[in-house]
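S.K.: Everything in the sequence shown is counted per our numbering, starting at 42 for the first residue and increasing by one. Below are the C-alpha cells for one structure; questions will follow.
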Amino acid sequence: MLDFFTNIMASIYVSKGSQLGTSNGVLDGYRTRDCRYPIQLRRKSGQKLTLALLLVYVLCQSDDLVDYYVELIQSELKRSETFRSPSNAQDSKPFSSNYIEYGTFDHIVVGSGSAGGIIASRLSEDPFREILLLEAGGSETNFTEIPGMTGAVFKLEYAWNYYTVPQTTACLGLANRQCTYFRGKILGGTSAVNAAVYTRGSKRDFDNWCAEGNLGWCYTDVLPFFKKLENSNINGDPLYHGTGGYINIEYAQPNTRQQRAFIEANIELNSSYVDYNGYRQEGVGIAQLNIINGRRASTGNTYLKEAANRKNLKILTHSHATRILINPKTKKAFGVLFAKNNQYYVARSRKDIVISAGSIGSPQLLMLSGIGPKLHLEKLRIPLIQDLSVGENLQDHVGFGLLHFKSNFSETPKTLKDNVIDYLNGVGEFTNPLNVEGIAFFRTNLTKTDDFADVETLLMRTTNMIDTLYGEDKFNVSAENLTYFFSILLILQHPESRGNLKLKSPDAFEYPLIDPRLLSDPNFKDIETIYEGIMVTLKLLDTEAFKKLGVQLFPIHLPACKQFEYSSKDYWYCHIKQAASTSAHIAGTCKMGQDPLHGAVVDHHLKVYGIQNLRVADASIMPLIPGAHINAAVMMIGEKAAHLIRECP
C-alpha cells in the first residue's frame with residue numbers, strides 16, 4: 042500500500058512558470074490529468090482508488106498552485122481596471138513600407154478564431170499541404186482560460202475593443218450613444234474570450250440559408266459538421282450530437298435553486314424541457330457550454346494545440362494582415378501583406394487564401410485589398426479590383442439586460458481562494474463565463490412559425506460580467522448588493538434591422554466604421570418583439586416556482602425615462618432604446634449567396650465572386666443570422682470550409 046501511494050505521489054509534478062499547474066505523470070498504469078481540472082485516474086483491475094484520489098486531490102490543491110492563481114487573478118483584475126484599449130492599431134504599424142519575403146505556402150489562413158483555427162488545423166492534417174496561419178493577437182494564458190474571468194479579459198489586450206458610430210435607435214444610454222463590440226484578439230479568436238454558450242440554432246435557420254440558393258447549407262447538410270466538432274457530454278440524442286470531436290460540450294455549473302425555479306417556471310408557462318441543440322430548439326433547458334472540466338474549450342487550446350507541432354503548419358502570432366495581394370489583370374490572389382514587429386512581410390500562396398478575420402476584420406481586409414463597393418473605395422482612392430457588397434447586410438442579436446430580480450434565497454459569497462480551489466477541481470462559478478444557468482427559447486405572438494423562436498432568455502446569477510455589460514457604470518443604476526440578485530438577459534433572435542461597415546480610411550491600422558443600426562427596421566418589429574419578450578418573461582413572476590423563492594422584479598429607473606409611468610409600454614420602449622445593445626454576435630458582412638448583384642460576396646463554396654484563390658469563412662458569410670449564440674455555427678463553418686477546400690478546390 043505504501044508503494045502504491047509512493048508511485049502516485051511520484052507521478053505528480055507541478056511546475057511553476059507561465060504554465061504553472063501542468064501535471065502529466067504516468068506511472069504503473071495510473072495517470073493524472075492537469076491539476077487545474079478534475080483528477081482522473083486509470084484503475085488497475087481490483088484496485089480501489091478512494092484513498093489515492095483523496096491524496097491526489099490534496100496534492101493538487103498545493104498552496105503554491107492555489108496562491109499562484111489567486112495572485113494571477115488579483116493582478117489581472119487590477120490591470121483590467123486601468124488598461125486603456127487602443128482606438129486603433131497604429132502601434133503595430135511598420136516604420137517603413139519596405140517588406141521582407143516570408144515564404145511560399147499552399148494555403149494562408151488569416152485569423153485563428155472560431156473558424157480559422159479549425160481550417161488551419163484540418164488542412165494541416167494533410168502532411169503534403171503547407172499552411173501559414175496569421176493571428177493579430179497573442180497566445181492564450183492561464184488567465185484567459187478561466188471562464189469566470191471573461192469580463193476582465195474583454196478589457197485587456199486579448200480583445201479588439203471596437204465602438205460603433207453614434208446610434209439613433211439603440212444604445213442611447215451608453216456613452217456617446219456608441220455600442221461596444223468585443224472580438225477576440227488571441228489564438229482561438231472570439232472562442233477564447235466569449236461567453237462559451239453553445240447553441241446551434243434551429244433547423245429552419247439553416248434551411249433558410251438553403252432557400253436563398255446556398256446549396257449544401259441546409260440543416261441536414263451542416264449537421265454532420267456540427268457533430269464532427271463536438272465531444273458532447275450532455276446525454277443528448279446521438280442523432281444530433283457528436284462525440285470524439287475537439288470541442289467539449291457540458292452542462293453549466295453550478296446547479297442552483299434559481300436554475301430549477303427558472304426551468305420549472307417556464308414549464309408552468311407551457312414551455313417544454315428540451316435539449317435545444319437536439320430535435321427541437323423551442324423550450325427551456327440547462328445551459329450548454331463549450332467548457333472542459335471547468336476550463337474554456339476554444340479552437341486555440343483544442344484544435345491548434347493539437348496541430349501546433351506539425352511541421353507543415355506555421356502559426357504566426359502578433360501578425361496583422363493589411364492587404365490581400367491580387368493580380369489586377371488575372372484577378373488571382375497570390376499572397377498576403379502583413380505586419381509583425383513593426384516590419385512588413387509578404388507571404389505567398391500557391392492555392393487558396395482563406396480570410397477568417399471575423400465579421401469586422403474580413404470585410405475590412407477585403408475592402409483594403411480593392412474588393413468592395415465601388416463608390417466607397419473610389420472615395421478613399423483605393424484601386425478597385427472587384428465591385429461587391431462587402432460590409433453590407435450587417436446583422437446582430439439585440440440584447441436587453443435590465444431585468445434584475447431579487448428573491449428570498451441568497452448564497453454566502455465565497456472567497457477568491459475558495460473559488461480558485463473550486464476552479465482547479467472543475468466546479469464552481471469560475472467555470473462559467475456569464476454564470477448562465479438556464480436558457481429558454483420561445484415565440485412571442487409576433488411569430489407563428491413552429492420551432493422558430495424569436496426570443497431567447499438566459500438566467501444568470503449576477504456577476505461582475507453582467508456589471509461589465511449592463512451595469513451601473515453604463516446606466517447610473519444603483520443595484521443594491523447585486524451579489525444576491527439574479528438577472529434574465531433577453532436576446533432578439535431574428536432581427537429585421539440591417540447595418541453596415543465601412544472603412545474609416547485606406548490605412549489598415551485604423552479601425553473601421555461600424556454602424557449596426559439596431560432596432561432601425563421601418564416596421565418596428567424588432568423593438569416590439571423585445572417588448573413582447575419582456576411581457577412573457579415577467580409572467581414568470583406569477584408562477585408557483587418563482588413565488589416559492591419570493592422572486593420580485595427589481596425596478597430600474599433610468600433618468601432618460603423618468604417621464605413615463607412605471608412598467609407602461611412607453612416605459613419599456615424607452616428602456617429598450619436606452620439599454621438595448623449588441624450581443625457581439627455580428628454577422629453577414631460578406632454575405633453568401635447566388636448573385637453578386639443582389640448582395641452576395643461569396644458563393645456556396647465560400648469563394649469570393651470574381652477573384653481566384655480567395656475564400657472567406659467566418660460569421661461574415663452568414664446570409665441570415667441564426668437564432669443562437671453564433672460561435673457554434675462559426676465553428677461549423679470552419680469544419681465545412683476545410684472540407685470544401687479539400688474536396689472542391
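Glycine residues also receive a C-beta, built at the ideal position from the N, C-alpha and C atoms.
Taking the beta strand (DSSP E) that R558 falls in, what are its first and last residues?
M.R.: Segment: none, R558 is in no beta strand (DSSP E) and carries neither H nor E.
S.K.: Please list, in chain order, all residues of the same chain as F124 whose beta carbon is under 7 Å from its beta carbon, the five residues on each side excluded.
M.R.: K196, L197
S.K.: Give me the DSSP bridge partner(s) of K447.
M.R.: F526, Q593
S.K.: Using the rule of at least 16 other Cβ atoms within 10 Å of the residue's Cβ for burial, across every protein chain shown, is Q604 buried or exposed?
M.R.: That one is exposed.
S.K.: Straight-line CA distance for G283 to N276?
M.R.: So the two alpha carbons sit approximately 11 Å from each other.
S.K.: So within the region 615 to 687, which uninterrupted beta strand (DSSP E) runs reach at least 3 residues, ignoring any that extend past its ends?
M.R.: Listed in chain order, they are 655 to 657.
S.K.: Buried or exposed: R687, going by 16 or more other Cβ atoms within 10 Å of its Cβ?
M.R.: exposed
S.K.: Could you give the DSSP three-state label for T578: helix, strand or coil?
M.R.: Looking at T578 - three-state DSSP - the assignment turns out to be helix.
S.K.: Under a Cβ-count criterion, where at least 16 other Cβ atoms within 10 Å of its own Cβ denotes burial, should N350 be classed as buried or exposed?
M.R.: By the beta-carbon neighbour count (other beta carbons within 10 angstroms, threshold 16), N350 is exposed.
S.K.: Helix, strand or coil for L435, going by three-state DSSP, please let me know.
M.R.: strand
S.K.: Whole angstroms are fine: how far does the CA of Y607 sit from the CA of G574?
M.R.: 17 Å
S.K.: By DSSP's criteria, K355 is part of a beta bridge. Which residues make up the other side?
M.R.: L173
S.K.: Using DSSP with H/G/I as helix, E/B as strand and the rest coil, what is W201?
M.R.: DSSP places W201 in strand when its eight states are reduced to three.
S.K.: So for Y239, helix, strand or coil by DSSP?
M.R.: In the displayed model, Y239 falls within coil according to three-state DSSP, outside both helix and strand.
S.K.: How many angstroms separate the CA atom of I529 from the CA atom of Y222?
M.R.: 21 Å
S.K.: Could you please give the first and the last residue of the uninterrupted alpha helix (DSSP H) stretch that includes Q384?
M.R.: Where Q384 is concerned, there is no enclosing alpha helix (DSSP H), although the beta strand (DSSP E) around it starts and stops at 384 to 390.
S.K.: Considering just the uninterrupted stretch of the beta strand (DSSP E) at E325, what are its terminal residues?
M.R.: The question names Glu, but residue 325 is Val in the sequence shown. Residues 324 to 327.
S.K.: Could you tell me the distance, in whole angstroms, from the CA atom of V675 to the CA atom of D248?
M.R.: 16 Å
S.K.: Can you give me the Cβ contacts of L378 inside the same chain, cut-off strictly under 7 Å, excluding the 5 residues immediately before and after it?
M.R.: Y140, T363, R364, L366, Y385, V387
S.K.: How would you write the range of the beta strand (DSSP E) that K381 sits in, first residue to last?
M.R.: 373 to 381
S.K.: Under 8 Å: do the region 613 to 627 and the region 336 to 349 share three or more Cβ pairs, one atom per stretch?
M.R.: no
S.K.: Spell out the partners DSSP gives I412 in its beta bridges.
M.R.: Answer by DSSP bridge pairing, in chain order: Q427.
S.K.: Using a Cβ-Cβ cutoff of less than 8 Å, which residues in the same chain neighbour T185 once the five nearest sequence positions on both sides are dropped?
M.R.: V194, Y199, I227, A233, V234, R337
S.K.: Closer than 8 Å by C-beta to L665: which residues in its own chain qualify, once you throw out the five before and the five after it? Chain order, please.
M.R.: D246, N249, W250, E253, Q436, H535, G629
S.K.: DSSP three-state call for K458: helix, strand or coil?
M.R.: Three-state result, K458: helix.
S.K.: According to DSSP, what are the bridge partners of V395?
M.R.: According to DSSP, residue pairing for V395 in a beta bridge involves V150, R656.
S.K.: For E606, does the three-state DSSP call read helix, strand or coil?
M.R.: coil
S.K.: Ordered along the chain, which non-local residues of its own chain (more than five positions away) have a Cβ less than 6 Å from that of F565?
M.R.: none
S.K.: Does T498 pass the burial test, meaning 16 or more other C-beta atoms within 10 Å, or should it be called exposed?
M.R.: buried
S.K.: Please report the straight-line C-alpha distance between E323 and L310, rounded to a whole angstrom.
M.R.: Those two C-alpha atoms are separated by around 13 Å.
S.K.: Looking at the strands, I want to know which residues DSSP matches up with V496.
M.R.: F483, L533
S.K.: Measure the C-alpha to C-alpha separation of A237 and T191 and round it to an integer number of angstroms.
M.R.: 10 Å
S.K.: Could you pull the DSSP bridge partners for V477 from this structure?
M.R.: M501
S.K.: How would you call K681, buried or exposed, if buried means at least 16 neighbouring beta carbons within 10 angstroms?
M.R.: With at least 16 other beta carbons inside 10 angstroms of its own, K681 counts as buried.
S.K.: Quick check: the region 539 to 557 against the region 404 to 412, are at least 3 beta-carbon pairs closer than 8 Å?
M.R.: yes
S.K.: Beta-carbon within less than 6 Å of V461's beta-carbon, same chain only, minus the 5 sequence neighbours each way: which residues are those?
M.R.: V107, Y110, V111
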